[in-house]
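Peer 1: Residue numbers (my numbering), protein chains in the order written: chain A, 1 to 443; chain B, 1 to 483.
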Ligand SMILES: Cc1ncc(COP(=O)(O)O)c(C=O)c1O
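#1: If we call anything under 9 Å between Cβ atoms a contact, is residue 33 (chain A) one with residue 466 (chain B)?
#2: Enumerate, from N- to C-terminal direction, the unbroken alpha helix (DSSP H) stretches of 4 or more residues contained entirely within the segment 117 to 163 of chain B.
#3: Looking at C-alpha atoms only, which residue of B:280, B:180 and B:402 is the closest neighbour of residue 172 (chain A)?
#4: Quickly, what does DSSP pair residue 383 (chain A) with across the bridge? List them, please.
#5: Quick one, what's near ligand 1 if you take every residue whose CB is closer than 6 Å to any heavy atom, in chain order?
#6: Does residue 246 (chain A) come out as helix, strand or coil in the three-state DSSP assignment?
#7: Do the segment 363 to 371 of chain B and the segment 340 to 348 of chain B touch if we need at least three Cβ pairs shorter than 8 Å?
#8: Note down, in chain order, every chain B residue with its Cβ under 8 Å from the Cβ of residue 342 (chain A).
#9: Which residue's Cα is closest to the Cα of residue 99 (chain B): A:110, A:265 and A:176?
#10: Residues of the segment 310 to 338 of chain B with a CB closer than 7 Å to any CB of chain A: list them in chain order, please.
#11: In the DSSP assignment, what are the bridge partners of residue 301 (chain B)?
#12: At which residues does the alpha helix (DSSP H) containing residue 48 (chain A) begin and terminate?
#13: In this structure, how does DSSP classify residue 360 (chain A) when only helix, strand and coil are distinguished?
#14: How about residue 405 (chain A) and residue 415 (chain A): are their beta carbons less than 9 Å apart?
#15: What residue does the alpha helix (DSSP H) around residue 166 (chain A) start on, and which one ends it?
#16: Taking C-beta pairs closer than 7 Å, name the residues in chain A that residue 440 (chain B) reaches, listed in chain order.
#17: With contact counted as at least three CB pairs below 8 Å, one residue from each stretch, are the segment 346 to 355 of chain A and the segment 241 to 254 of chain A in contact?
#18: Measuring CA to CA, which of B:161, B:199, B:309 and B:202 is closest to residue 485 (chain B)?
#19: Distance, Cα to Cα, residue 263 (chain B) vs residue 251 (chain B)?
#20: Can you tell me whether residue 51 (chain B) is buried or exposed, with buried defined as 16 or more other CB within 10 angstroms of its CB?
#21: In chain A, which residues lie less than 8 Å from residue 26 (chain B) when you measure between Cβ atoms?
#22: Name the chain B residues that come within less than 7 Å of residue 175 (chain A), Cβ to Cβ?
#23: CB-CB under 6 Å to residue 337 (chain B), same chain, minus the five flanking residues each way: which ones, in chain order?
#24: Measure how close the beta-carbons of residue 83 (chain A) and residue 338 (chain A) come, nearest whole angstrom, since I'm counting them as under 8 Å.
#25: Mapping the DSSP letters down to three states, classify residue 377 (chain B) as helix, strand or coil.
#26: I'd like the list of long-range same chain contacts for residue 256 (chain B), defined as Cβ closer than 6 Å, with 5 residues on each side in sequence excluded.
#27: Here's the rule I'm using: 16 or more other beta-carbon atoms within 10 Å means buried, otherwise exposed. How should residue 1 (chain B) be labelled?
#28: If we cut at 9 Å on Cβ distances, does residue 417 (chain A) have a partner in chain B?
#29: What span of residues does the beta strand (DSSP E) with residue 85 (chain B) cover, start to end?
#30: Leaving out five residues on either side along the sequence, give the residues of the same chain with a beta carbon under 6 Å from the beta carbon of residue 273 (chain B).
#31: Count the CB pairs spanning the segment 297 to 306 of chain A and the segment 303 to 315 of chain B that are closer than 8 Å, and state whether there are at least three.
#32: Which residues does DSSP list as the beta-bridge partners of residue 453 (chain A)?
#33: Return the bridge partner residues of residue 242 (chain B) from the DSSP annotation.
#34: Using a Cβ distance threshold of 8 Å, determine whether the segment 131 to 140 of chain A contacts the segment 180 to 197 of chain A, with at least three qualifying pairs required.
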């Protein structure tokens, strides 16, 4: 099966017009030495019916849990049906970056609304039209802070998601920055250590709120220390939590980023996801990526365009604020549709229900011999010390169709028996009780 | 008609989603989280019903132009038709619901798909190993250059510069800068290719790599590629292949055989995954054996019939994505390759090149063709002829909208004045091409006879030309309620 409308007859006509005797003649600029004179070794083409069966076979080789208690950067929240319906409109998904605004007002207005929603969530002034994912958005934010301050040192708490730390490290390794880790104490950043490490060469601190352990950091306290020396605060936040928790703009964050996946995107084995990014007005010209702005057309009617493009690679080339070109536009669309459907009250409800269910789960697990490792308040994730090997715990749960928490030993050697559990509003009391019952049975 | 902002449709108390109830015993929120950490006032999100939201976004969608609506010859972007069967496979619930940290045992199907897709792409590119982490082409460039840097430093060879032709896409120099490299521009020759003598003069042992798109952004194949590779390799440098234009060479030639050491593909171009209004795409990067140790971790491997994620990669550059890349996009690319097979992919190259040559041949009489050569899958013309009457590439682009087409890429590559870069792709019929050609010929005539018709275009879109200067001078980047 191919998707080529031209027939052999058409082909002959076209060949006549281009005055070639064969298609091969059109490829004569390719030197003979590198012409592939054999067929590519690929499986034979499939008709549509066989292809669907084949894909179904692959899909069958994926085992679905009936209840997921795993989070750690990817969250199983409920997605209203209308979200997928809207992003499946091919006017949206078969278009590209809105270079030609007159044909792209749909995408452009939706992105303007998305930017507005992100500003509302984060309580910051401006937002861009999306980045690849949470990790890469954080890396770009760190770079942005370093360039804005002209300083070299970036403070990275160990309570920040280990993969995010690696992405930041990989992105920034080549630019001569100094990345310094900050230890945690009782599951949160040790403020005394920040006091010690912040100096007048510190560009920023990367604060995750809630942090990787699910614990709430003392954002206000940290913000105060960081700003005292003229450094910036970059907050990496869970957008659902902002229905309930103090937004970054209110504790003084200069840049807020995060993983937008909880806003209506499927788990999808890790992607595509959505990096969101917002900042204070004074940093707007340092933002990476696309930004949509409102303007007027020749008749004075309101419309939208890509704007502040002199920051971008297609104009500024090696001096651009970032190399990003394609982004996560359709995921941003999903996020703004999600936020519209759930709405002002609904977002708070999702956050509150997740919070309540997580706390119920934590205390139920505590009753059967799991111990909460850290005392700091938490949102919907928490770390438990397991009385038995976490790997074993998950094996037993999986037999019951439950996907358990993340064993932390491989990321934190000092926490060999720790498990990071996550509970969203989607988990029912019945599922939570079942989790607890199964675990009780093996203790 | 103006569509109000979704925020303006808001009415207090209205709801658009039915959410899971809280069926556990509730505690007082302030007992769980200290007051100071709570939000004082809610974000001003819309309060709308489901039908309000659905109508709003459906109406917005109608103000968009996509490949499903019509011809979209946006050069360098390969806006081919996106098969629906790929969408179907990618929407299987069991793919959508996989958590990235689920036990490997439970996701064998997904890992197997990635593993096999990796093998296919390596075969197509002529390389040995691959990473799926990059989310787009530019992300792939960053990843590839970081590997090149790691490769050199591992050998104790500190190289500072990257060579990039003056015809290259903006992401190339931007990615090189992000990797801490100094960018050295290589001029093009009169045939639109790399100027070999200049390349020789610029190449020494400070060069880490040359980045090249082949066919290049003029749609021309770099005939001297073997010599280019020899010059760069001869000085200890590596070759990076920007795969934006790989559609032209599928099954005809492989970057790995041309001498490239690192290759990215844009799955959203060549392998027909949709562009999503700007993304998400996927930019997997393939490498030759000598660079494989530096691939981002984890990679997908197979042992004793089981697939697994290999994190044990001591020389890895690290990670460029939080998880493993845009899996759902990979499902679509995999489906596409399985639909076409080797023969189908080769036919993609054949017909995309034939279609482009046909359009070029028929337009040559009316527009300036800066390089008189056969083209590959796309070609660049200049509006310099029309400019004598004040009609610029931008005007031609806007006028094309009135004929029902999406305009080509304009003002890129930078080395052609008033450039219009046209990529018809293989998924368009002769009739569609003819209609487009007719429109272009018409516009050329209008430029001579009634230039104001072109200068004032578009006439048929909901909005006229938009004031970009105003947008940049007085940035209005978000909705704020009137209070
Ligand atoms: C030649 C070329 N290189 C690189 C890119 C960047 O690819 P992406 O948008 O997937 O990051 C593009 C995209 O248009 C391109 O045309």
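The beta-carbon is built from N, C-alpha and C at its ideal position, and this holds for glycine as well.
Peer 2: Reading it off the structure:
#1: Taking 9 Å as the Cβ cut-off, residue 33 (chain A) and residue 466 (chain B) do not qualify as a contacting pair.
#2: Counting whole runs of 4 or more residues, the segment 117 to 163 of chain B contains the alpha helix (DSSP H) stretches 137 to 154.
#3: Checked all of B:280, B:180 and B:402; the closest Cα to residue 172 (chain A) is B:180.
#4: The bridge partners DSSP lists for residue 383 (chain A) are A:420.
#5: Those satisfying the condition are, in chain order, A:325, A:326, B:76, B:77, B:136, B:137, B:138, B:169, B:171, B:213, B:217, B:242, B:244, B:266, B:281 and B:283.
#6: Residue 246 (chain A): coil per DSSP, three-state reduction.
#7: Too few Cβ pairs lie closer than 8 Å, so no.
#8: For residue 342 (chain A), the C-beta contacts it makes with chain B under 8 Å involve 16, 17, 19 and 45, in order along the chain.
#9: Minimum Cα-Cα distance from residue 99 (chain B) among the listed residues A:110, A:265 and A:176 corresponds to A:265.
#10: Within the segment 310 to 338 of chain B, contact with chain A at the beta-carbon level (separation under 7 Å) is assigned to 317, 318, 319, 320, 321, 322, 323, 324, 325, 326, 327, 328, 329, 335, 337 and 338.
#11: According to DSSP, which records beta bridges pairwise, residue 301 (chain B) is partnered with B:308.
#12: Residue 48 (chain A) -> alpha helix (DSSP H) spans 48 to 60.
#13: Here residue 360 (chain A) sits in helix by DSSP.
#14: No, Cβ-Cβ distance for residue 405 (chain A) and residue 415 (chain A) is not below 9 Å.
#15: From DSSP, the alpha helix (DSSP H) with residue 166 (chain A) extends over 162 to 172.
#16: None at all; the shortest Cβ gap to chain A is about 15 Å.
#17: In short, these stretches touch, since the Cβ pair count reaches three.
#18: The question about residue 485 (chain B) has no answer here: the residues shown for chain B are numbered 1 through 483.
#19: Straight across, the Cα-Cα distance linking residue 263 (chain B) with residue 251 (chain B) is about 16 Å.
#20: Looking at its Cβ environment, which holds fewer than 16 other Cβ atoms inside 10 Å, residue 51 (chain B) is exposed.
#21: For residue 26 (chain B), the neighbours in chain A by C-beta distance under 8 Å run, in chain order, 356.
#22: For residue 175 (chain A), the C-beta contacts it makes with chain B under 7 Å involve 180, in order along the chain.
#23: Excluding positions up to five away in sequence, the list reads 120.
#24: Cβ-Cβ separation between residue 83 (chain A) and residue 338 (chain A): approximately 5 Å, consistent with a contact (criterion under 8 Å).
#25: It is coil, neither helix nor strand.
#26: So the list reads 125, 126 and 127, once near-sequence residues are dropped.
#27: Residue burial annotation: residue 1 (chain B) is exposed, with fewer than 16 other C-beta atoms found within 10 angstroms of its C-beta.
#28: Closer than 9 Å to the CB of residue 417 (chain A) there is not a single CB belonging to chain B.
#29: Element bounds for residue 85 (chain B): not the beta strand (DSSP E) but the alpha helix (DSSP H), 84 to 90.
#30: Once the five neighbours on either side are set aside, the close Cβ partners of residue 273 (chain B) are 267, 329, 332 and 333.
#31: Because the criterion of three Cβ pairs below 8 Å is not met, the segment 297 to 306 of chain A and the segment 303 to 315 of chain B do not touch.
#32: In the structure as shown, chain A begins at 1 and stops at 443. Residue 453 (chain A) is therefore absent and cannot be evaluated.
#33: According to DSSP, residue 242 (chain B) bridges with B:213 and B:264.
#34: At 8 Å Cβ cutoff, the stretches do not touch.
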